[in-house]
Amino acid sequence: MIDLHSHTTASDGQYPPSELVARAAAAGVTVLAVTDHDTVAGLQEARQAALAHKLELVPGIELSAFVYAKEAHILGHFLRPEDPDLARFADRLREERTRRMEAMVAKLRGLGFPVRMEQVRKVAGDAQLGRPHLARVLVEQGWCVDLKAAFDRFLGTGRAAWVERFKLDGAEAIRLIRNAGGTATLAHPGSSKMERPEIQALAKAGLSGLEILSVDHNPSVRQKYLALAAEFDLVPTFGSDFHGEAVAPDHRLGAAAMSLELFQKLRARAPSSQPVSQPV
1 MIDLHSHTTA SDGQYPPSEL VARAAAAGVT VLAVTDHDTV AGLQEARQAA LAHKLELVPG
61 IELSAFVYAK EAHILGHFLR PEDPDLARFA DRLREERTRR MEAMVAKLRG LGFPVRMEQV
121 RKVAGDAQLG RPHLARVLVE QGWCVDLKAA FDRFLGTGRA AWVERFKLDG AEAIRLIRNA
181 GGTATLAHPG SSKMERPEIQ ALAKAGLSGL EILSVDHNPS VRQKYLALAA EFDLVPTFGS
241 DFHGEAVAPD HRLGAAAMSL ELFQKLRARA PSSQPVSQPV
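Sequential numbering of the sequence shown, starting at 1, is according to the UniProt record's numbering.
What follows is the structure, given as C-alpha cells:
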C-alpha cells in the first residue's frame, strides 16, 4: 500500500516521525511519504524507523504557495533533504513564522487576552510555529471551546488576530523542489479550489503530479481532476494527508493508496532519478 501524504510533530502532526512510521506499517502501508509543512526536520528519524519496519520512506515536504492569488499546497517527493537551497528556505520560513506568531500574539494581547510566546512555544515543541499551536493555547486557557472556535473568532483569514503570511509563488515552490531532486505534486486541489487556469500555470512551471484520491474529494471531483491530470500530463497521486486522529479524525493512514505503476511513473519524473551523464 502506497501513501504519499502524511505529517509528523515536525510540523502539525500528532505523532513523532518514528511513531508515524510504526503506525503506517501496522496499517499495511509499504511505501510512505513524510511531507511535513515547510520542513524536512522529521525525515532523519523517519528514515531510521522505516528501516526498522522494512517500509520504504519517500522523503518529502509540503510547501504552501500561491498561484493567481489562491493558496496551493505543493508536495515534494523523492527530494534530497540536505539540499542547501531547501535548508536556507526552511530557515527563512522559520523566521517568517516566528515573526507572524509574535504579531498574532500581540494582537490577542491588544484584545485583552494575555497570551505569551512562551505558551505557544511550549505547545509547539520542536515543530514549526503555526496557527494551530496558538489555537491550542486559546483552548487550554478557556478562551475558546475548541480549535474551530479559535479560528472562527480570532485566527482565520480576516479575523481579529489574523496576520498576513509570507507568500511563496507556486512556480518558485516547484523550482525549489525540483532543484532538490524532487517531483512537485499539487495536494488536494478540490479543497484548495484549484481550477484549470491554476493547474495549467503550475504544469507549465514543472508540476509532475495531481493528488486526486482524497477524503476531501467525492467521486465527481475525482473525475474532474483525473481529466485535468490527463490534459496536462500529470501523474494522478494518492495520499491520506494523515495528521493524527486528534487533529484530523477523518484522515486515516492507508485510506488512500496509489498503484505501483503510477508510483513508478512519478518517481521516474524526479530529477534525482535521472541518470547522471558521464563526461566524454
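Backbone N, C-alpha and C fix where the C-beta goes; we use that ideal spot for every residue, glycine too.
Which of helix, strand or coil does DSSP assign to residue i?
i: F113; result: coil
i: A10; result: coil
i: D85; result: helix
i: T98; result: helix
i: H133; result: helix
i: A106; result: helix
i: A257; result: coil
i: V29; result: coil
i: E118; result: helix
i: V235; result: strand
i: residue 281; result: The question about residue 281 has no answer, for the chain in this structure spans 1 to 280.
To which residues of the same chain is residue i closer than 8 Å at the C-beta, ignoring the five residues directly before and after it?
i: K70; result: S192, K193, M194 and E198
i: A248; result: D241 and F242
i: Q278; result: Legend: pLDDT at Q278 = 39, less than 50; position of this residue unreliable, value from coordinates given subsequently. Closer than 8 Å at Cβ, skipping near neighbours: no residue.
i: Q14; result: H243, G244, E245, A246 and V247
i: R116; result: V105
i: R159; result: F151, D152 and R153
i: L226; result: I212 and P236
i: V280; result: Note that V280 scores 35 on pLDDT, short of 50, meaning its location in the model is unreliable and no value can be drawn from it.
i: G125; result: T9
Please report the residue range of the beta strand (DSSP E) in which residue i lies.
i: K70; result: K70 to H77
i: A184; result: T183 to L186
i: G170; result: Here G170 belongs to no beta strand (DSSP E); instead the alpha helix (DSSP H) covers G170 to N179.
i: E164; result: Unbroken run through E164: none, as it is neither H nor E.
i: E56; result: E56 to V67
i: L207; result: First-last for L207: undefined, no H or E at that position.
In the DSSP assignment, the alpha helix (DSSP H) including residue i goes from what residue to what residue?
i: E231; result: P219 to E231
i: A22; result: P17 to A26
i: L4; result: No alpha helix (DSSP H) contains L4, which DSSP labels as neither H nor E.
i: K148; result: L147 to A150
i: L43; result: L43 to A52
Suppose the cutoff is 7 Å on Cβ atoms and the five residues either side in sequence are ignored; what does the same chain contact list for residue i look like?
i: A255; result: V215 and S240
i: H251; result: V215, S240, D241, F242 and H243
i: W162; result: L155 and G156
i: H5; result: A33, T35, L75, A187, E211, G239, S240 and D241
Only counting the same chain, and skipping five residues up and downstream in sequence, which positions put a Cβ closer than 6 Å to that of residue i?
i: E62; result: T35, H37, H73 and L75
i: F166; result: E96
i: R136; result: V123
i: A25; result: H53 and L55
Could you tell me whether the region 40 to 52 touches the region 148 to 160, where touching means 3 or more Cβ pairs closer than 8 Å?
no
Three or more beta-carbon pairs under 8 Å between the region 96 to 115 and the region 207 to 225, yes or no?
no
For the 8 Å Cβ check, are there 3 or more pairs between the region 57 to 75 and the region 169 to 187?
yes
Inter-stretch contact at 8 Å, needing at least 3 Cβ pairs: the region 20 to 38 / the region 69 to 84:
yes
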